[in-house]
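*Asks:*
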Amino acid sequence: MDYTLPLRLYTSRKVAQPSIRGVLLMSITVASNVGVLFIHLLSGHIKWKIGALLSVTVLIPVSIYILYLPESPIFLMKTGSNEDARRVFFQLRGISDISKKEFEKITEKERELNKSQGLSFVALMYSLSNPIFWKPLLIVFAAMFTVQLTGYSAMISYAIEELQDFGLNYEYSAMITIDIFRVAATMFSCILVQKMTRRRLAMLSGYGSSVTLFCLWFYLYISPRYNVKLPLVVMVLLIINICFIHMGLNPLAYALMGELFPMDNKSMGAAISSIFCYTLYYLVVLSYPYLRVLFSGIAEIFLGYSACVLFGTICLTLFLPETKDKPFYMIEEYFKSRK
């Protein structure tokens, strides 16, 4: 179960205005990476059972706080509380011409959905075959593919073993250092998403990650052949790659999940995307040890990751629409107007 999925939908679809939507969606990934850093800090000093207990204690106050969050305007519309929906929407979004128009679009969409509830299965099949659904789905798939094939999930899962193979001493300290840079990079992404367009951010992150993965392969390729042992080079390349991934591609892929899908199928699209993402995550982590045995090392693995990231980034460069500061009805109209 992806515990961040409802949060991303609540943030993107229901409460955030377009000008700050990107920052809010990116900040979810910041919180996730802070959690990883917290767990890694605990793992070096206490038993895992105590660490698990401490992790639960963090969730308790957060869960209590969630109980006091206002219901989303769309949920209130579905239950017939239209006045409450209007009040909550403008309370969260403010009163402006853009927010008024978006509220009208949401209200109109909900009326259409209520009329078609008797043909829910037929309507669902039709909406899933509609280009305004499957085109965003393919774009999100491309973003998720690119993120997971950077290999960052395998790097997290096998961090200690990897750092030992690279010849780095004090591998625990190195892992914490990488975690700190990952958190800093995702924080930096919250600034970049306000300054740069989504496409440019994806291109910067994707091409940068592909180049650093290629450089990592090149070092690992020549190291045994010419007896070159510079573990600090590996550490620097890993940090640069982590920064490229987490200042753009990683948080951006999840942000697109909350931005691209049409309002009536956003939950379905996000659920399918999450299944695809975590299936890839599982396959990347599971396959990593077998690939090491197959290639008798890890150099070729990073070359493969570099090629996959390059391919995925080219796809995003060609097909990713710009969603920065755009309300959802404009994004939906973009996919309707495309041939």
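Throughout the sequence shown, residue numbering follows my numbering, covering 27 to 365 in sequence. Using N, Cα and C, we set each Cβ at its ideal position, and we do this for glycine too. On a predicted model such as this, the values are computed, not experimentally measured, just so you know.
Since residue 126 contacts residue 289 with CB under 8 Å, what's their CB separation in whole angstroms?
*Replies:* 16 Å between Cβ atoms; not a contact.
*Asks:* Assess contact between the stretch 114-121 and the stretch 91-101, defined as three or more Cβ pairs (one per stretch) separated by less than 8 Å. Is contact present?
*Replies:* yes
*Asks:* For a test of the three-state rule: what should DSSP assign to residue 287, helix, strand or coil?
*Replies:* coil
*Asks:* Sorted by chain position, which residues of the same chain lie with C-beta nearer than 6 Å to residue 243's C-beta, five sequence neighbours on each side aside?
*Replies:* 325, 328 and 329
*Asks:* For residue 321, is the classification buried or exposed, using 16 other Cβ atoms within 10 angstroms of its Cβ as the cut-off for buried?
*Replies:* exposed
*Asks:* Comparing C-alpha positions only, which one of 133, 91 and 217 sits nearest to residue 107?
*Replies:* 133
*Asks:* Going along the chain, which residues of its own chain have a beta-carbon closer than 7 Å to the beta-carbon of residue 355, five neighbours each way excluded?
*Replies:* 128 and 131
*Asks:* Just checking my contact of residue 52 with residue 179 at CB under 8 Å: how many whole Å lie between their CB atoms?
*Replies:* Contact doesn't hold; Cβ gap of about 19 Å is too wide.
*Asks:* What did DSSP end up calling residue 94 once you bin it into helix, strand or coil?
*Replies:* coil
*Asks:* Where are the alpha helix (DSSP H) runs, 4 residues long or more, that stay fully inside the stretch 49-114, in chain order?
*Replies:* 74-92 and 99-104
*Asks:* Which whole-angstrom value describes the C-beta separation of residue 162 and residue 361, a residue pair presumed to lie in contact below a C-beta threshold of 8 Å?
*Replies:* 6 Å
*Asks:* Between which two residues does the alpha helix (DSSP H) carrying residue 292 extend?
*Replies:* 292-321
*Asks:* What is the residue span of the alpha helix (DSSP H) that residue 253 lies within?
*Replies:* Premise fails: residue 253 is in no alpha helix (DSSP H) and is neither H nor E.
*Asks:* Going by alpha carbons, who is nearest to residue 48 out of 357, 350 and 359?
*Replies:* 350
*Asks:* When the Cα atoms are used, what is the spatial distance from residue 60 to residue 187?
*Replies:* In a straight line, the C-alpha of residue 60 is about 22 Å away from that of residue 187.
*Asks:* Distance check for residue 66 and residue 76, CA to CA, integer angstroms please.
*Replies:* In a straight line, the C-alpha of residue 76 is about 13 Å away from that of residue 66.
*Asks:* Are residue 159 and residue 287 touching if we call contact CB-CB under 8 Å?
*Replies:* yes
*Asks:* Could you give the DSSP three-state label for residue 332: helix, strand or coil?
*Replies:* Three-state result, residue 332: helix.
*Asks:* Return the CA-CA distance between residue 182 and residue 311, expressed in angstroms with no decimal places.
*Replies:* 9 Å
*Asks:* Residue 352: which of 282, 95, 231 and 240 sits nearest, CA to CA?
*Replies:* 282
*Asks:* Is residue 217 buried or exposed, if buried means 16 or more other CB atoms sit within 10 Å of its CB?
*Replies:* exposed
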